[in-house]
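Report on the following structure.
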Amino acid sequence: MLPRFSFPLRRTLSPSSQYSSIISPECHRSSAGMARILPRVFPLAFNSSTNNCVASRSLAHSVSVSFASRFIISAADSLIFGRRFHVLPRADRTTSPRTVGVGRIFATQREYRKVRRRSGKKKEKKLELNVRISTEEELPNDPEILSIAEMLKLNVPMAMKLAFDGLKDSEYTTRDTAIDDVGRYETVELSVLLCNDEFIRKLNKDWRDEDHATDVLSMSQHIPELKLPILMMGDIVISVETAARQAEERGHTLLDEIRILMVHGLLHLLGFDHEVSDEAEAEMEKEEELLLKSFGWKGKGLIQSAYAAANNEGHQLETSDDIGSLRFFTGELSKDRKKEGSLRFYKPKFSYIFCDMDGTLLNSSSQVSSTTAKALKEAASRGVKVVISTGKTRPAAIHILKTVNLAGKDGIVSEFSPGVFVQAFLYSWEQKVPLIAFSQDRCLTLFEHPLVDCLHTVYHEPKAEVMPSVEHLLAAAEIQKLIFLDTAEGVAMTLRPYWSEATKGRGQVVQAVPDMLEIVPPGTSKGSGVKILLDHLGVTTKEVMAIGDGENDVEMLELASLGVALSNGSEKAKSVANVIGCSNDEDGVADAIYRYAF
């Protein structure tokens, strides 16, 4: 399991607290200081009653001392570690030296332990690379991203080693040489964090005061003044969301793009900066291409890729100011709205989205736009269940959603999918006004009328069956709700006032669209239907987001944890909603999903 970081990603350098050792940064820079600590490092060499003598070999490079952390004592920095030294046993300190004759003298005669000289090649000091690959905690466990993270465990150390080797004989004149001789360190530490646009935007705002997402940020933690044996290079933060878009634009895989961004970020930490001058940009571009080519990785580097795309497509190229980010800017939607195709990089905030149809999911042409259809499919692919909450019959909802491949077994509505089709109320009809009675999957009426036909041709409801009388209509089926059809003025001025008074205590008058008046049983609403369904599914309202526009959506919007009323909706709906979204002709449902659902 990959480690996960939570925002904000900041670390404070505190050497005295992070590295517990008996050797302080100041001690190993002087021979006097080293002499003071040697008895503590090698107690047997200075206080031994069991060994006759201790001899210490001169080390060509270093002595490694293991405690809580490993530190290096350099031979070049100490006069002690340049020669052999001997320690007399305690007994000899109280007796006179023994007189020996001239001739061959053996080590045992001098009461010294025989030291066998070892011959052999000096061991080359190995540099330990400590690389941490992490994913930000709000990034879902996407299989491709997890696979890339595992690959980076191999790729990052490879790139580091090759980049370090290139520093030895580097002829670059613009690179900051604060990190130069990597060989003098025992360990090099680097972290790489994969995140989404929202995370890197917040990080960009905190560190650089730039409130937009970017592709990669490099944040150095190296402080040359602290002579530590560990080189803490810093952090490379990569937005896989932006990387995915750039990979698609540039015609290679997400892994290819992340490798390019990783190399770019690594070079920034090593002192390259394309923003200093044209010469510095050329040098960094050359090194990027060299590293990628050496491993056979695709791409010629972030700098060259960005400029090539800008030249080919006429987009604006924007570079960062200070930390080392190169950003391909194509124009963004609101910073709070996720982009199409990006929901895979976010965890859903809700388990269910309840959505009205007329005036909400459907535009003014009673159609589902391609943008809205893509948003619904993307949300469903991320495990969010979309439930249609409408007064329409199920066949009508299926017919409409089938046109955008959202109906059927793998769609958001089918013959067996959960839905809320409002249960209505039976009462008598007294006025000669076009009326449709809804009964399960049937529509019934008393006479033909252009407005009755419109319900079928425009709103895709089943074609109304003409009944010869009220008695026949009532006997034909159990009625769930009634809809009067008239002009918007006729509904507002005549039908609504009359039926609001006539149905008091017996029914409820609601409107979904201006030219229709619905009459349903008292206490019947989408809200109550949603509540029944949630109780059946064992889902709490905290897991629900609702989107609607009409008066009949009010209780549903109030019930949900987040209620979104579209801007074209009724004043009652907007007054109870948590937020007001775009209109149904502006893909309001898609906007609400990309902005609030993840």
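In the numbering used here, the protein residues as written are 2 to 599.
C-beta atoms are modelled at their ideal positions from N, C-alpha and C, and glycine is treated no differently.
Margin query: Is it buried or exposed, Ile480, if we count other Cβ atoms within 10 angstroms and call 16 or more buried?
Written below: Counting Cβ neighbours within 10 Å, Ile480 comes out buried, since at least 16 surround it.
Check: What is the rounded straight-line gap between the Cα of Ile134 and the Cα of Cys196?
Finding: A direct Cα-to-Cα measurement between Ile134 and Cys196 gives close to 11 Å.
Note to self: Determine whether the beta carbon atoms of Ile401 and Ala380 lie at a separation below 8 Å.
What the structure shows: At the C-beta level, Ile401 and Ala380 stay beyond 8 Å of one another.
Item checked: Buried or exposed by the 16-neighbour rule on C-beta atoms within 10 Å, applied to Ile224 -> Ile224 counts as exposed, since fewer than 16 other beta carbons sit within 10 angstroms of its beta carbon.
Check: Considering only residues of the same chain and omitting the five flanking positions on each side of Ser562, which have a CB-CB separation below 8 Å?
Finding: In its chain, beyond the 5 residues on either side, Phe351, Thr542, Lys543, Glu544, Val545 and Met546 have a beta carbon closer than 8 Å to the beta carbon of Ser562.
Next item on the list: Hey, could you find the ends of the alpha helix (DSSP H) Phe1 is sitting in?
Entry: Because the chain is modelled from 2 through 599, residue 1 falls outside the range shown and cannot be assessed.
Checklist line | Spatial neighbours of Arg345 in its chain, beta-carbon cut-off 6 Å, leaving aside the 5 residues before and after | finding: Excluding residues within five positions, the ones whose Cβ falls inside 6 Å are Asp143.
Margin query: Once DSSP output is grouped into helix, strand and coil, what is the label at Asn364?
Written below: If DSSP states are grouped into helix, strand and coil, Asn364 belongs with coil.
Checklist line | DSSP state of Phe485 mapped onto helix, strand, coil | finding: Strand.
Note to self: Considering only heavy atoms of the ligand GTP, does any lie closer than 7 Å to the CB of Gln441?
What the structure shows: No copy of the ligand GTP appears in this structure; indeed no ligand is present at all.
Next item on the list: Report buried or exposed for Ile533, applying the criterion of at least 16 other Cβ atoms within 10 angstroms of its Cβ.
Entry: Note on Ile533: under 16 other CB atoms within 10 angstroms of its CB, so exposed under the neighbour-count rule.
Check: Going by DSSP, which residues form a beta bridge with Ser219?
Finding: Its beta-bridge partners are Ile237.
Next item on the list: Compute the beta-carbon to beta-carbon distance between Tyr595 and Arg338, rounded to the nearest angstrom, for a pair I have assumed lies under 8 Å.
Entry: Contact between Tyr595 and Arg338 holds: their C-beta atoms lie close to 5 Å from each other, under 8 Å.
Next item on the list: Assign Gly570 to one of three DSSP states: helix, strand, or coil.
Entry: Assignment of Gly570 by DSSP, reduced to helix, strand and coil, places it in the coil class.
Notebook entry, point to check: Grouping DSSP H, G and I as helix and E and B as strand, with all else coil, what is Gly1?
Noted result: The first residue shown for the chain is 2 and the last is 599, placing residue 1 beyond what the model contains.
Next item on the list: Tell me whether the beta-carbon of Thr178 lies closer than 8 Å to the beta-carbon of Gly272.
Entry: Remark: C-beta atoms of Thr178 and Gly272 approach each other more closely than 8 Å.
Notebook entry, point to check: Which value, in whole angstroms, describes the spacing of the CA atoms of Ala248 and Val514?
Noted result: Approximately 44 Å between the Cα atoms of the pair.
Notebook entry, point to check: Tell me which same chain residues have a C-beta within less than 6 Å of the C-beta of Glu290, skipping the five on either side of it?
Noted result: Around Glu290, the same chain offers Lys301 and Gly302 as residues with beta carbons nearer than 6 Å, after the five sequence neighbours per side are excluded.
Notebook entry, point to check: Using the rule of at least 16 other Cβ atoms within 10 Å of the residue's Cβ for burial, across every protein chain shown, is Asp411 buried or exposed?
Noted result: Exposed.
Item checked: Beta-carbon spacing of Val189, Met159 below 8 Å -> No. Outside cutoff.
Next item on the list: Tell me where the alpha helix (DSSP H) around Glu190 begins and ends.
Entry: Counting along the chain, Glu190 falls outside any alpha helix (DSSP H), though it belongs to the beta strand (DSSP E) covering Thr188 to Cys196.
Check: What whole-angstrom Cβ distance do Val157 and Met263 have, given they're in contact under 8 Å?
Finding: About 6 Å separates the CB atoms of Val157 and Met263; that is less than 8 Å, so the two are in contact.
Item checked: Environment of His537 [buried if 16+ CB atoms lie within 10 Å] -> Burial call: exposed.
Item checked: Helix, strand or coil at Phe439 [DSSP, three-state] -> Strand at Phe439.
Margin query: Does the contact criterion of 3 or more C-beta pairs under 8 Å hold for the segment 546-555 versus the segment 581-597?
Written below: Taking one beta carbon from each stretch, the segment 546-555 and the segment 581-597 have 3 or more pairs nearer than 8 Å; the two touch.
Margin query: Can you give me the C-alpha to C-alpha distance between Asp588 and Gly167, rounded to a whole angstrom?
Written below: Distance between the alpha carbons of Asp588 and Gly167: 53 Å.
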